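With the UniProt record's numbering applied, the sequence shown corresponds to residues 1 to 160, in that order.
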Amino acid sequence: MLGQLSHEAAIQAPATVAWQLYGGLELARLVENRLSNLIQKIEVVEGDGGEGTVLNLIFPPGLGGASSYKEKFTKIDNENRIKETEVVEGGFLDIGFTLYRVRLKIVENGDDSCIVESTIEYEIKEEAAANASLVTLQPLIDIAQAANDHLLHYKQLKDA
């Protein structure tokens, strides 16, 4: 069974600035520091933020579901500002998913703003189809809001 969910969020920063945050490890650092209710800790298992980088995401106790999973940066397209990650160990793979991919695309929307297009694509075994209801965009929505807040704060400091 295949599935896909998508969401768009406005970011009040130029696309080039947003991509600097989203395109490598900076986003992981932001999430770890600002969204501790979502992610307790993010460890770099291998890599420097480019394609092939593997992160271990550790979730706070009591959230339900997996306590951690590893994801790999499978695509980083700096020209088109697209980043894709896939769960490679644990998490969704332990409950019947054969693919869980997140695609983040930064789309220019004028000089001082952009859109973050977040997409989750997944494949799940038929016998585990009920677990598809666990897929949610809410973490990506929360991350986009934290990114926007961070970039607005950075802009205010820069303009001061």
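Here a beta-carbon is modelled for each residue, glycine too, at the ideal position from N, C-alpha and C. This structure is a prediction, so every number in the text was calculated from the model and none was measured.
Residue interval of the beta strand (DSSP E) (run including residue i)
{"i": "residue 119", "result": "114 to 124"}
{"i": "residue 103", "result": "97 to 108"}
{"i": "residue 90", "result": "82 to 90"}
{"i": "residue 77", "result": "68 to 77"}
Residue i (DSSP reduced to helix, strand or coil)
{"i": "residue 4", "result": "strand"}
{"i": "residue 137", "result": "coil"}
{"i": "residue 16", "result": "helix"}
{"i": "residue 47", "result": "coil"}
{"i": "residue 143", "result": "helix"}
{"i": "residue 56", "result": "strand"}
Opening and closing residue of the alpha helix (DSSP H) in which residue i lies
{"i": "residue 27", "result": "26 to 34"}
Inter-residue Cα distance where the pair is residue i and residue j
{"i": "residue 112", "j": "residue 13", "result": "5 angstroms"}
{"i": "residue 93", "j": "residue 29", "result": "24 angstroms"}
{"i": "residue 165", "j": "residue 53", "result": "Nothing in the structure corresponds to residue 165, since the chain is present only between 1 and 160."}
{"i": "residue 5", "j": "residue 11", "result": "20 angstroms"}
{"i": "residue 90", "j": "residue 141", "result": "23 angstroms"}
{"i": "residue 152", "j": "residue 129", "result": "40 angstroms"}
Reference residue i; option with closest CA among the options
{"i": "residue 1", "options": "125, 139 and 89", "result": "125"}
{"i": "residue 21", "options": "83, 6 and 134", "result": "83"}
{"i": "residue 15", "options": "71, 40, 67 and 117", "result": "117"}
{"i": "residue 68", "options": "79, 80 and 39", "result": "39"}
{"i": "residue 119", "options": "130, 128 and 138", "result": "138"}
{"i": "residue 97", "options": "86, 122 and 74", "result": "122"}
{"i": "residue 24", "options": "7, 9 and 47", "result": "47"}
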